[in-house]
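Data first, discussion second: the structure below is written as structure tokens.
Numbering (my numbering), first residue to last: 1166 to 1317.
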């Protein structure tokens, strides 16, 4: 394993075409596509308490531009978390009768989730929360990144 870890930097350097000569002990590697991107949306951090009543469903939405990213985590305290059906997804706004784009990132009933999302398109990205239990619950969502809060 130790030798494998030593091979990773060598393999990376070997894959770079025509590396320049070192300057002061450093090889300046060219910036690859999609490594760095400036956002036009302000960075923000938010914590949201989302009530979902017994046997009801809702969609909690964020506005995210294509290429922008968020980090998030959410959890819920309930006696049977498997009764909260969750679809983490994104979709574009539909204009008139034109079909919109829809992409599911994760569909589950695990009672918690954490991760990152780099938006594949500009639009609404968020969570459809379907409470199939007989108890009112509150989902706690923490988000950081480049997004806008949308009217719920």
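Cβ coordinates follow ideal geometry from the N, Cα and C atoms, glycine included.
Indicate the three-state DSSP secondary structure (helix, strand or coil) for residue 1316 in the structure shown. The DSSP-derived three-state label of residue 1316 is coil.
So if DSSP puts residue 1280 in a beta bridge, which residue, or which two residues, is it bridged to? Answer is 1237, bridged to residue 1280.
Where do the ends of the beta strand (DSSP E) carrying residue 1224 lie? Per DSSP, residue 1224 is one residue of the beta strand (DSSP E) stretching across 1222 to 1229.
Among 1303, 1293 and 1287, which one has its Cα closest to the Cα of residue 1311? Each of 1303, 1293 and 1287 was checked against the Cα of residue 1311, and the nearest Cα belongs to 1287.
Output the distance between the C-alpha atoms of residue 1260 and residue 1267, rounded to the nearest integer angstrom. Roughly 14 Å separates the two Cα atoms.
Thinking residue 1290 and residue 1265 are a contact (beta carbons under 8 Å), I'd like their distance in whole angstroms, please. Your pair residue 1290 and residue 1265 does not check out as a contact, with CB atoms roughly 13 Å apart and the cut at 8 Å.
Rounded to a whole number of angstroms, what is the C-alpha to C-alpha distance between residue 1222 and residue 1216? In this structure, the alpha-carbon of residue 1222 lies about 10 Å from that of residue 1216.
Backbone secondary structure at residue 1247 - three-state DSSP: Note: residue 1247 maps to helix in three-state DSSP.
Would you call the CB atoms of residue 1237 and residue 1308 closer than 9 Å? Their beta carbons are under 9 Å apart, which means residue 1237 touches residue 1308 by this criterion.
Between the alpha carbons of residue 1206 and residue 1315, how many angstroms are there, rounded? It is roughly 14 Å from the alpha-carbon of residue 1206 to the alpha-carbon of residue 1315.
Using the DSSP secondary-structure output, state which residues sit across from residue 1216 in a beta bridge. Residue 1216 pairs with 1303.
Is residue 1296 helix, strand or coil by DSSP? Reduced to three states, the DSSP call for residue 1296 is strand.
Quick one: what's residue 1206 bridged to in DSSP? Bridge partners of residue 1206: none, in fact.
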